[in-house]
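**Student:** Have a look at this one before I ask anything.
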Amino acid sequence: MSEYNFNHIEKKWQRFWEENNTFKATADSKKPKYYAMDMFPYPSGAGLHVGHPLGYIASDIVSRYKRLQGYNVLHPMGFDSFGLPAEQYAIQTGQHPAITTEENIQRYVEQLKNLGFSFDWDLEVRTSDPGYYKWTQWIFMQLFNSYYNLASDKAAPIAELVQEFEQHGNAQVKAVCDEETPVFSAGEWKQMDEQQQSEMLLKYRLTYVADAVVNWCPALGTVLANDEVKDGLSERGGYPVERKLMRQWMMRITAYAERLLQGLEEIDWPEPIKEMQRNWIGKSVGAEMAFPVENTGEKIKVFTTRLDTVYGATFLVLAPEHELVEKITTNAQRQEVKDYVTVAKNRSERERMTDVKTVSGVFTGAYAINPYNQERIPVYIADYVLAGYGTGAVMAVPSGDQRDWNFATHFGLTIVPILDAQKSIDTQADATKEGHYINSGIINGLAYQEALPVLVKFLEEHGIGKAKVNYRMRDAVFSRQRYWGEPVPVYFKDGIPHLIKESELPLELPKIDAYLPTETGEPPLGRAVDWKYEDQYPYELSTMPGWAGSSWYWYRYMDPKNEEAFASKEAINYWRDVDLYIGGSEHATGHLLYSRFWNKFLYDMGLVVEEEPFKKLINQGMIQGRSNFVYRIKDSNTFVSHGLKDQHDTTALHVDVNIVDNDVLDLKAFQNWRPEYANANFILEDDKYICGIEIEKMSKSKYNVVSPDDIVERQGADTLRMYEMFLGPLEQFKPWNTHGMDGVLKFLKRFWKLFHDNKGDFAVSDAAPTAEELKSLHKTIKKVEEDIERFSFNTSVSTFMICVNELTQLKCNKRAILEPLTIVLSPYAPHIAEELWQMLGHSESVSFASYPQWKEEYLAENSFEYPVSVNGKMRTKISFAVDTPREEMEKAVVQDEQLLKFLEGKSPKKIIIVPNKIINVVV
RNA sequence: GCGGAUGUGGCGAAAUUGGUAGACGCACUAGACUUAGGAUCUAGCGCUGCGAGGCAUGGGGGUUCGAGUCCCUCCAUCCGCACCA
């Protein structure tokens, strides 16, 4: 073989790896572990496009590198195979989603194998596999059987709680539970019947059924989680979403709010993602206090982060949905309030969000009493107060809050200044905390820091409130009215949910005749015939959301075939957590938060050993599509080239990027593309049809999808891998662009050529390498090591190119240089590396070679040239051995003849030596 | 509005703790070879100037012997959150 025949080489080694199980990972190794994982894909019908492998290539490079470094590497791949598209397809065609899913996975696996990833395919998992979702259901059962104990600050078995109830009631219990949970004694507990006890326990369980206001999407026929709704539209499909009260399974993620927040401090994640999670959790520290309502005996609870402004509170505002609205409204105001509430309820989330400028609200007729100064203040309702946040009521301080100021100004309410340093509050509010309080009773003359404890003490002494931490995050809705998801392992007896027995897992999806809701509006599972627990009790008919299966899958990879546990103790103790997790940032508040929640729960249960699942996270940027356009002159079949389009009235149309080369349209191919274009005419510029371009998301409908298969066929997988890395920093978003791919292929050809003589025969020399050759090699090794350690893969590719350019110049074909270079290159271009490694006489895979370390002796023997500046001006250069001590260098510098010329007789004041960089002399 | 990021040639980009800005690749120009190919090799390629040199990292200011990098300020683009009390 004389030419670099990548097609032949790549097929050969992919087969070799598969047949030899080269990348098998087992937990019993004596080596240190490294767990590199990608976010597993949803296997869509469109197959992979060139954007998908970007993150996989990066994690594969790290995996191969870590193997060379002597680590036992776990590098698996699997499929998040429950999901909407397969179900939508099933609705249209009647084909079972399992069949579609299976076909799509086959295609994905084939495409992934073509790219030469070092996955251990024996570990593949699929969330829709009953052997897998058995354990998703099992974890659900553990959550159902647990509550959150605030005393120990961790989850605990519900059985312990029941025991406590039997002995002492719930007075001593410190647990996360529903707001309205009443206090009861042991006696009262025992008096309750089974149904009442069950209802009570549901208030404590980490997963529970409750009537909740949910995001209902009529078009999709299901509820959606908050993170699946963007701007009032569904993330998938972009359908409108409405608020609806429904009985749903919920996950008590709020119990973990504080730990989810604190945990962010320990993990090496990109700051934007951490910030998004902090934002989502939305912690705010403040106080909760009750305002009594005049003549009613009712109290309005408010939450505030600015208790210090309480003397400036001149009115209260309730959310229109607040439960007290009905009770406190006076007869005189009743009609007006009713009208306002109706209007507010009928406004969609979306309208409410877009219309934030308009001030609206209604007086209830009621007055509350400010407990600090006994002032009588009016109570309003307004939709700028949200029912779902805090207590659904606020104390309004118009001098310190702009929205309150706007409201007060609009309705002519009193504005009381409370700080002496406050700017004029005639035109706007001033939210600063500077100065000393005025008009403020017990805190007059104090500053913010001194005032707060005084106010909190007052609250507590009078029993009207307390300091409180509030979180924006709500419990997660866990039900989906869908077929293609995990069945919830629950049946109902007299309306009370019961878990099925563990031995009965998995509860498999029943067969149904159509994948649509029933006539009575029940979820598709309601169509299953004879699907009853013990032939009499109805099962839960909703299924789990998409995030259920992906919230623990990294444990299943450790031990995917285990039928006794979700993973064995040994496997979990060995692999522990994911060292490197690569995936898109779109999962910031969904998958990544839910996974951390479930992991913390499993940790509390003693089932796993690390509290945080993903130690290091990298978000790879999306590769965008580069769409091409043709311009059709209106009402004609004539297409005008991009440069001339402004002379005509045209319509821009997407054209398949595969029939465009370098923005030049292949006219023949275009005429054959679609029947209606067969007789198309063209107006050309310079004899060419130039297409317009736009950067968009890669998608079928935009005809800008580039499949990796074609690239692999034409330029090879190694070229594609290196090129995707070369394109720029991993985290960055960048358009797909084939210009430059030739440069990478050229590099691989040159590397191949170094091992071959003029006739194209394999030829390496055993001669000893020269210093120059060694320097080139070691520079490369050092740089590539550093690059991989800091996930800067694009610069490595440049380093390889420089090295091969240098060696080509030196005509170096020496084994002592090329052999280590092959090893270093192998994570990036594994196929060509294996081929050359074999030619060099090795029988095992290059992955088993040990990584060549930067050699101490080499450093000591070789010198480094320091540029020397005098007062910032570059003057000369002096060479030193790499590890020369600083004092020696300083001595040598002042004696250097070249330098003395520039010092002009003056002696240096200061000599600054930056290691390996520069020497700076200050006169 | 709040929070986060980014801004360097014709293009993708590099510069790791402040230390010779533009490595490497693409495109482009000139040349060599030739079985004419979308192959290979050589040289050039930020702006300006004949030249030595001067000017350049979104704009302005500062710290420093020295700033793409640090500080202040303004501008632009992208992303996230958004009546959160």
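Residue numbers (my numbering): 5 to 927. The beta carbon of each residue, even a glycine, is placed where N, CA and C say it ideally should be. Note that the structure is predicted; figures quoted are calculated from it, not measured.
(1) Within 10 angstroms of the Cβ of Y376, are there 16 or more other Cβ atoms? Answer buried if so, exposed if not.
(2) Assuming the contact rule is C-beta atoms closer than 8 angstroms, Y561 and V129 should be a hit. Round their C-beta distance to whole Å, please.
(3) For V582, name the three-state secondary structure that DSSP assigns.
(4) Taking V898 as the reference, give the member of A885, K913 and V401 with the closest Cα.
(5) Exposed or buried, R890, counting other C-beta atoms within 10 Å across all chains shown (16 or more means buried)?
(6) The ligand SAH heavy atoms versus the CB of A163: any closer than 6 angstroms?
(7) Any idea what DSSP makes of F884, helix, strand or coil?
(8) Excluding the five sequence neighbours on either side, which residues of its own chain have a C-beta within less than 8 angstroms of the C-beta of T812, listed in chain order?
(9) Return the CA-CA distance between P45 and H79, expressed in angstroms with no decimal places.
(10) Cutting at 8 angstroms between CB atoms, please list the residues of its own chain near A62, excluding the five before and the five after it.
(11) Thinking just about the alpha-carbon of each residue, which of E91, Q18, A50 and D124 is nearest to the one in N76?
(12) Quick one: any contact between the stretch 465 to 483 and the stretch 285 to 294, if contact means 3 or more CB pairs under 8 angstroms?
(13) For the candidate residues W21, Y8, N11 and K15, whose alpha-carbon lies nearest to that of S847?
(14) Sorted by chain position, which residues of the same chain lie with C-beta nearer than 6 angstroms to D608's C-beta, five sequence neighbours on each side aside?
(15) Please name the residue, chosen from G365, M145, I373 and Y38, that lies closest to E490 on a Cα-to-Cα basis.
(16) Work out the CA separation of F906 and V918 for me, nearest whole Å.
(17) Under 6 angstroms Cβ to Cβ from A400, same chain only, skipping five residues before and after it: list those, please.
(18) Determine the extent of the alpha helix (DSSP H) in which M745 is found, giving its start and end residues.
(19) Using a Cβ distance threshold of 8 angstroms, determine whether the stretch 640 to 647 contacts the stretch 674 to 692, with at least three qualifying pairs required.
(20) Evaluate contact between the stretch 644 to 662 and the stretch 596 to 616, counting only Cβ atoms and requiring at least three cross-stretch pairs below 8 angstroms.
(21) Taking the alpha-carbon positions, what's the M5 to I271 distance?
(22) Which residues share a DSSP beta bridge with H502?
(23) So E14 and G87 are supposed to be a Cβ contact under 8 angstroms. How far apart are they, rounded?
(24) Looking at C-beta atoms only, is the number of pairs between the stretch 810 to 830 and the stretch 707 to 721 that lie closer than 8 angstroms three or more?
(25) When you compare each of V613, N741, H591 and M626 to V664 by their alpha carbons, which one comes out closest?
(26) Apart from the five residues on each side of it in sequence, which residues of its chain come closer than 6 angstroms, Cβ to Cβ, to L127?
(27) Measuring CB to CB, does G445 end up less than 7 angstroms from L423?
(28) What first and last residue would you give for the beta strand (DSSP E) that runs through A160?
(29) Report the start-end ranges of each beta strand (DSSP E) in the stretch 291 to 336 that is 3 residues or longer and not cut off at the edges.
(30) Count the other CB atoms, across all protein chains shown, that sit within 10 Å of the CB of M1; report buried if there are 16 or more and exposed otherwise.
(31) Express the C-alpha separation of D405 and T334 in angstroms, rounding to a whole number.
(32) Closer than 8 angstroms is the cut-off here; do at least three beta carbon pairs connect the stretch 691 to 708 with the stretch 99 to 112?
(33) Just list the residues that DSSP pairs I373 with in beta bridges.
(34) Would you say A370 and I381 are within 7 angstroms of each other, going by their C-beta atoms?
(35) Out of D534, A291, G416 and K278, point me to the one whose CA is closest to P931's CA.
(36) Which residues in the same chain as A317 place their Cβ atom closer than 7 angstroms to its Cβ, once the five residues preceding and following it in sequence are excluded?
**Tutor:** With the structure as the only source:
(1) Position 372 of the first sequence, counting from 1, holds the residue named residue 376. It is buried - the Cβ of Y376 has at least 16 other Cβ atoms within 10 Å.
(2) Taking the first sequence and counting its residues from 1, one reaches residue 561 at position 557. Taking the first sequence and counting its residues from 1, one reaches residue 129 at position 125. About 6 angstroms; that satisfies the 8 angstroms criterion.
(3) Taking the first sequence and counting its residues from 1, one reaches residue 582 at position 578. DSSP places V582 in strand when its eight states are reduced to three.
(4) Walking along the first sequence from the start, residue 898 turns up at place 894. Per the Cα distances, K913.
(5) In the first sequence, counting from the first residue as 1, residue 890 sits at position 886. Per the 10 Å Cβ criterion, exposed.
(6) Although the ligand SAH was asked about, the structure shown includes no ligands whatsoever.
(7) Stepping through the first sequence from its first residue, residue 884 is reached at position 880. Reduced to three states, the DSSP call for F884 is strand.
(8) To locate residue 812, count along the first sequence from 1; it is residue 808. Answer for T812: R754, K757 and L758, listed in chain order.
(9) Residue 45 sits at position 41 when you count from the first residue of the first sequence. Residue 79 sits at position 75 when you count from the first residue of the first sequence. About 15 angstroms.
(10) Position 58 of the first sequence, counted from the start, is the residue given in the question as residue 62. These residues qualify, in order along the chain: I586, I622, Q624, M729, L734, F795 and F797.
(11) Your numbering for residue 76 matches position 72 in the first sequence. Checked all of E91, Q18, A50 and D124; the closest Cα to N76 is D124.
(12) yes
(13) Here the question's residue 847 lines up with position 843 in the first sequence. S847 has its Cα closest to that of W21, out of W21, Y8, N11 and K15.
(14) Indexing the first sequence from 1 puts residue 608 at position 604. Correct list, in chain order: K158 and A159.
(15) Walking along the first sequence from the start, residue 490 turns up at place 486. Checked all of G365, M145, I373 and Y38; the closest Cα to E490 is M145.
(16) If you number the first sequence from 1, residue 918 lands on position 914. If you number the first sequence from 1, residue 906 lands on position 902. Near 20 angstroms, if we compare the C-alpha coordinates of F906 and V918.
(17) Residue numbering aside, residue 400 sits at position 396 when the first sequence is read from its first letter. Contacts found: F319, V321 and D408.
(18) The residue given as residue 745 occupies position 741 in the first sequence. That run of the alpha helix (DSSP H) goes M745 to L758.
(19) yes
(20) no
(21) Locating residue 5 in the first sequence gives position 1, where the first residue counts as 1. Locating residue 271 in the first sequence gives position 267, where the first residue counts as 1. At M5, the pLDDT of 48 sits below 50, so the modelled position is not reliable and the matter cannot be decided from this model.
(22) Residue 502 sits at position 498 when you count from the first residue of the first sequence. For H502, which the question treats as bridged, DSSP gives the partners Y495.
(23) Here residue 14 refers to the residue found at position 10 of the first sequence. Here residue 87 refers to the residue found at position 83 of the first sequence. Not a contact, Cβ separation roughly 31 angstroms.
(24) no
(25) Reading the first sequence from its first residue, position 660 is the one you call residue 664. Out of V613, N741, H591 and M626, N741 has the C-alpha closest to the C-alpha of V664.
(26) For the purposes of this step, residue 127 is taken as the residue at position 123 of the first sequence. Correct list, in chain order: P80, Y561 and P564.
(27) For the purposes of this step, residue 445 is taken as residue 441 along the first sequence, with counting starting at 1. For the purposes of this step, residue 423 is taken as residue 419 along the first sequence, with counting starting at 1. Result no, Cβ atoms of G445 and L423 do not sit closer than 7 angstroms.
(28) Along the first sequence, one-based indexing puts residue 160 at 156. Where A160 is concerned, the enclosing beta strand (DSSP E) stretches over K158 to P161.
(29) 303 to 308 and 319 to 322
(30) For residue 1 there is no data in the structure shown, the boundaries of the chain being 5 and 927.
(31) As a first step, residue 334 must be located in the first sequence, where it is residue number 330. As a first step, residue 405 must be located in the first sequence, where it is residue number 401. Taking the straight line joining both Cα atoms gives about 28 angstroms.
(32) no
(33) In the first sequence, residue 373 corresponds to position 369, counting from 1. Looking at the DSSP assignment, I373 forms a beta bridge with R380.
(34) Residue mapping note: residue 370 aligns to position 366 of the first sequence, counting from 1. Residue mapping note: residue 381 aligns to position 377 of the first sequence, counting from 1. No, the pair does not count as a contact, with Cβ atoms beyond the cut-off.
(35) Since the first and last residues shown for the chain are 5 and 927, residue 931 lies out of range.
(36) Locating residue 317 in the first sequence gives position 313, counting from the first residue. Excluding sequence neighbours, A317 sits near N374, I381, M399, A400 and V401.
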